[in-house]
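In my numbering, the protein residues as written are 37 to 371.
Just so it is clear, CB atoms sit at the ideal spot from N, CA and C, and this is done for glycine as well.
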């Protein structure tokens, strides 16, 4: 039989939030700052908490008076349009909680990222790392002393919010197979990118199971210039190319076009992230639509819940679904 003390210990803020139909941060406010929650909602939360045997952490409540009401969102590259929607989503979560968001850019450098975090620690209540380039060990060390959520990367023992890469790469491969392609080239992104590793692994699994040939080139920078530098010329037997992101795809299309290779008549090209520029170029990019705004909003919301005293249940990351957007840059395989 489970004792009352064991039941209280087992029940978390997430259990109460799920049962009451609200966000974990709302549960936290109902106990730490009840004046900021509607009376009916607060009453329902307290009733659910009592039924489940949950009690708010008094130490977390005591800390609430020393908060800075600032959240740091640390970005790998502020010029990459993929982060625009991430920022907007995180900002929406901050607005709900009346928080100010501090943006920090690290220029794809793990050293700059760590130095930036060292500077902001103590000045913010929580940190969200978007596409971190630091090691798992460094991230876990920071998470021990600061409420922290990681986006687009899985770090065991740390709360993470991810794009679900494997189904996305499977759908790309199926689409290209339906068009008659039998050999694919993958243009890899930064070596330190966890997302790049997951995309490559997902593509490798999909091509092996469907009987397609696969080669890899790179790494290249996750930029248009990086795509231009990729060693792809349409003469190696590949009739389709999958790139790390949309910016690399755009650079590759420009490089192929300049070399007289037609897209998609000679080579089909697929991007990733569904950034706005992908629809504006010619030909418009076939790409994977990642839920970037939801990624930022979920990550920031979870980080603020941790700052408010929620206990992390980081056994499994939150995985967000994707969808394939088919446009003009993919077509039937050339004979």
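Selected residue, minimal CA-CA separation from residue i, among the options
i           : options               : result
residue 250 : 257, 256 and 242      : 242
residue 316 : 132, 200 and 365      : 365
residue 123 : 363, 313, 358 and 331 : 331
residue 344 : 54, 83, 55 and 66     : 66
residue 194 : 171, 204 and 203      : 171
residue 219 : 271, 174, 60 and 118  : 271
residue 339 : 309, 59 and 233       : 59
residue 113 : 369, 166, 162 and 157 : 166
residue 200 : 136, 215 and 239      : 239
residue 292 : 309, 308, 269 and 281 : 269
residue 265 : 225, 79, 81 and 334   : 225
residue 261 : 281, 335, 83 and 87   : 281
residue 369 : 78, 214 and 356       : 214
residue 8   : 121, 87, 81 and 151   : No answer is possible for residue 8: the residues shown for the chain start at 37 and end at 371.
Those residues which DSSP pairs with residue i across a bridge
i           : result
residue 354 : 197
residue 106 : 136
residue 50  : Looking at the DSSP assignment, residue 50 forms no beta bridge with any residue, so it has no partner.
residue 292 : According to DSSP, residue 292 bridges with nothing at all.
residue 178 : For residue 178, which the question treats as bridged, DSSP gives no partner whatsoever.
residue 185 : 164
residue 250 : 220
residue 77  : Answer is none; residue 77 lacks a bridge partner.
Short Cβ contact (8 angstroms threshold) for residue i with residue j
i           : j           : result
residue 276 : residue 217 : yes
residue 283 : residue 318 : no
residue 149 : residue 168 : yes
residue 185 : residue 164 : yes
residue 274 : residue 212 : no
residue 61  : residue 348 : no
residue 306 : residue 358 : no
residue 75  : residue 52  : no
residue 142 : residue 110 : yes
residue 159 : residue 104 : yes
residue 162 : residue 107 : yes
residue 125 : residue 328 : yes
residue 279 : residue 223 : yes
residue 360 : residue 235 : no
residue 354 : residue 322 : no
residue 248 : residue 221 : no
residue 320 : residue 309 : no
Alpha-carbon to alpha-carbon, residue j and residue i
i           : j           : result
residue 267 : residue 253 : 7 angstroms
residue 140 : residue 154 : 12 angstroms
residue 442 : residue 313 : What is shown of the chain runs 37 to 371, which leaves residue 442 out entirely.
residue 99  : residue 286 : Any reading at residue 99 must be qualified, since the residue scores a pLDDT of 46, below 50, and its modelled position is unreliable; no value is offered.
residue 256 : residue 263 : 7 angstroms
residue 50  : residue 175 : 23 angstroms
residue 197 : residue 131 : 20 angstroms
residue 189 : residue 237 : 14 angstroms
residue 183 : residue 342 : 6 angstroms
residue 138 : residue 128 : 13 angstroms
residue 372 : residue 301 : Here the chain has residues from 37 to 371 only, and residue 372 is not among them.
residue 95  : residue 233 : Confidence in residue 95 is poor, its pLDDT being 47 and thus under 50, which makes the residue's placement too unreliable to answer from.
residue 156 : residue 115 : 21 angstroms
residue 134 : residue 229 : 32 angstroms
residue 54  : residue 48  : 10 angstroms
residue 77  : residue 346 : 18 angstroms
Interface flag, residue i vs chain C, CB-CB below 8 angstroms
i           : result
residue 183 : Included in the structure is just one protein chain, with no chain C present.
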